[in-house]
Amino acid sequence: MDLSVKPGDDFYQYASGTWIKNNPVPAKETRWGSFNLLRDFNINAVKEILNEAAANKTASTGSVEKRVGDFYAAAMDSATIEKLGYTPIKKDLKRAGSVKDTKGVLNEVAYLRTTGAASPMFGFYVGQDRKDVNNMVPQLSQGGTTLPDRDYYLKNDPRSQKIQEGLKNYITTLFTLTGVPKAKAQQNAETIFNLEKKMAEAQMARVEMRDPYKTYNKFSVADFSKTTPNIDWKSLMANMKVTGQDTILVNNPAFFKELDGMLKNTSVADWQTYLQWNILKSSAPYLSSAFVDANFAYSQALSGQKVQTPRWQRMSSLTDGTIGDLLGQLYVKKHFKPEAKARMEELISNLVKAYEIRINNLDWMSATTKEKALAKLHAFTPKVGYPDKWKPYDGLAINRKTFFQNVRNAGQWGYNEMIDQLGKPVDRTKWGMTAPTVNAYYSPVMNEIVFPAGILQFPFFDPKADDAVNYGGIGAVIGHEISHGFDDSGSQYDKDGTLRNWWTEEDRARFEEKANALAKQYDNYTVLDTIHVNGKLTLGENIGDLGGLAAAYEAFKMTEQGKSNEKINGFTPDQRFFLAWAQVWRTNILPEAAAQQIVTDPHSPGQFRTIGAPVNMDAWYQAFDVKPGDKLYVKPEDRIRLW
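Whatever position you read off the sequence shown (first residue = 1), add 35 for this note's numbering.
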């Protein structure tokens, strides 16, 4: 803490200032804060598990230890990877470079997808139908670009131009590494950039993409094909292993019309280059060091990271991301205690109680809508720690000698597993995150809140800490995830997870008025020179923070400590509660990473998450004696009270 600052002037600096000064961003990172510290602790825990598994000579064939150990050992065998150079993708590049016509281009797009090699042109996945949640349907989304957001292609300010140059250099380098003469590689970079820019122009912006109705467009496969004369979706889908489905969901039909025009007006030679680029960029992190270094140079242009993340750390993350349910079993055995699960379940049930009280007390919502809101709250499914049923990865071949092939096999396996869900009941036991992940999520179509083992540790959660610390930390995270069910987007889904209106018109209008006020509050926060927080893009997360912290405080006040005024280390229970919240969000971030976060991340930066919710809560003013004249002071009538 930095006690030289008044909490009412700069609560972020007061709660975390000394830590921020003493903890600059390490060279291998782009930001450094509580999340990163815990992620760092976790990745080291994972490394230990992986090293043990890789060194285990007695693990039986097919066992979890053997498969995890073999995957990691192959990933760390840099001598073999170095020797191979780009041999693993020579055949792919040759095939993509010899497509003859538009049909050949589309066949290659399907081939790259189904073999786990790349995802060119557009996004595709199988997921629940938002208006019929017991049905798994094929879904198409805008895509085809490399930069993290369409705006990077469309803007020409110095920051965006620098990033565009970074991409062109990356393309040039990768082609040169496969023996393409430099002048030709540079020409390829221009071709690819212009193609991707056209795709970016047809994409919707992130704020628009937050609207679940705007992105819900249902077509019969035959009707959708009529909108794209150059793409017959029936045959393309069959090539993508989707057969017997007559319906498709599309998030941005206009994008596909544009793509259709591009197919007609772009030479096959340019498409060959684009397809080869997709193979190169998907494979670069898994090839020899020249490719890995080029990949890092590109990400440096985006994020400002100083040195490359060490190989063991990248490969530990890759193992988690690829066979997370195998690694997860070894992780929870060592790092997740049954008592942590029991304590979490108690915290969740207390937060649901607190939320119930808060919904009942809302002065802006009618009884009719309250009843529906409570029904939704009580239908929430919480998942804690790890899945009840681990994914067995049956049929996934992992070989200690062939790293690149392991990655490909896993990509292909994952694709087939996804396709396999079509026509089957929704699997409600599935998790969208692995057990070691330091994060949590809410799924609107499942109406579930999920807390992996990875986040259930200090500073979020400590079974030995006082209630103030746990409620201000993990309690607020639980409240945050519950609040996603009631944010600007999640609130449009009912208790069954169906996209269906359950509000009266007046209540919805009042909700939106409050939400718009919150968006404006965050719009006023300046991050860098002229860059402000985007209040509309971050609205869901900011509602999550405000609703979550308010509910966590309500739940905290039901505990013994919450009812008392007994100080610990000189701080009252309420002060400790808000300090626990603030210290979760302390962060140092590189300017490049901060600029990228504003464009691509729906979360506000840590310093504004620290203050954004408390300044709307009367309890915070009382806890720290914040008065008119203090810089963060907001008049009681202007404080935004949502959930």
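By construction, the Cβ of each residue, glycine as well, lies at the ideal position given by its N, Cα and C atoms. Note that the structure is predicted; figures quoted are calculated from it, not measured.
- DSSP places D44 in the coil class of the three-state scheme, outside both helix and strand.
- According to the DSSP assignment, W306 belongs to the alpha helix (DSSP H) that extends over 303-318.
- Assigned with DSSP and collapsed to three states, N57 falls in helix.
- Take G641, set aside five residues on each side of it, and the residues of its chain with a beta-carbon closer than 7 Å to its own are G68, W620, R621, T622, in chain order.
- Following the DSSP letters along the chain, one finds Y160 inside the beta strand (DSSP E) bounded by residues 157-164.
- In the three-state reduction of the DSSP assignment, M171 falls in the strand class, which pools E and B.
- Excluding sequence positions up to five before and after G597, its CB lies within less than 7 Å of the CB of D502, F591, P608, all in the same chain and listed in chain order.
- When the beta-carbon positions are compared, P247 and Q48 stay at least 8 Å from each other.
- According to the DSSP assignment, Y557 belongs to the alpha helix (DSSP H) that extends over 540-558.
- Going by beta carbons, E627 and L202 fall outside the 8 Å limit.
- By the Cβ criterion, the region 292-308 is not in contact with the region 407-420, since fewer than three pairs of Cβ atoms, one from each stretch, lie closer than 8 Å.
- Between V461 and Q163, the C-beta gap is smaller than 8 Å, which places the two residues in contact.
- In the assembly as shown, V342 is an exposed residue. Its beta-carbon has fewer than 16 other beta-carbons within 10 Å.
- For the pair of segments examined, the region 545-553 was found not to touch the region 419-434: the number of CB pairs separated by less than 8 Å stays below three.
- Three or more pairs of CB atoms, one per stretch, sit closer than 8 Å, so the region 347-354 contacts the region 78-85.
- Linking H638 to K135 through their CA atoms gives a straight-line distance of about 45 Å.
- In this structure, P487 is the residue among P487, R148, G449 with its C-alpha nearest to the C-alpha of N77.
- Where N91 is concerned, there is no enclosing beta strand (DSSP E), because DSSP gives it neither an H nor an E.
- In this structure, Y251 places its C-beta atom within 8 Å of the C-beta atom of L534.
- Judged by DSSP secondary structure, T561 falls within the beta strand (DSSP E) whose first and last residues are 561-563.
- Within the DSSP bridge table, the entry for R66 names I624 as partners.
- Residue environment: S317 is assigned as buried (16 or more neighbouring CB atoms within 10 Å of its CB, all protein chains considered).
- Per DSSP, the continuous beta strand (DSSP E) segment holding S255 begins and ends at 252-255.
- Membership of V327 in the alpha helix (DSSP H) is indicated by the continuous run 324-338.
- Residue pairing from DSSP leaves S39 without any beta-bridge partner.
- In its chain, beyond the 5 residues on either side, G43, Y668 have a beta carbon closer than 7 Å to the beta carbon of K662.
- Taken atom to atom, the span from the alpha-carbon of V387 to that of N396 is near 14 Å.
- Annotation for K418: the continuous beta strand (DSSP E) segment containing it runs 416-420.
- Taking L175 as reference, the option from F254, V242, I198, Q657 with the minimal CA-CA separation is F254.
- Using a 10 angstroms sphere on the CB of I392, the tally of other CB atoms stays under 16, which defines it as exposed.
- Remark: fewer than three beta-carbon pairs, one from each stretch, lie closer than 8 Å, so the region 111-131 and the region 448-467 are not flagged as touching.
- Nearest neighbour of K276 by Cα position, chosen from L574, L457, A630, D184, turns out to be L457.
- DSSP places T226 in the helix class (H, G or I) of the three-state scheme.
- Remark: C-beta atoms of G339 and T65 approach each other more closely than 8 Å.
- Burial of E516 is indicated by the presence of at least 16 other C-beta atoms within 10 angstroms of its C-beta.
- DSSP places F486 in the uninterrupted beta strand (DSSP E) bounded by 483-487.
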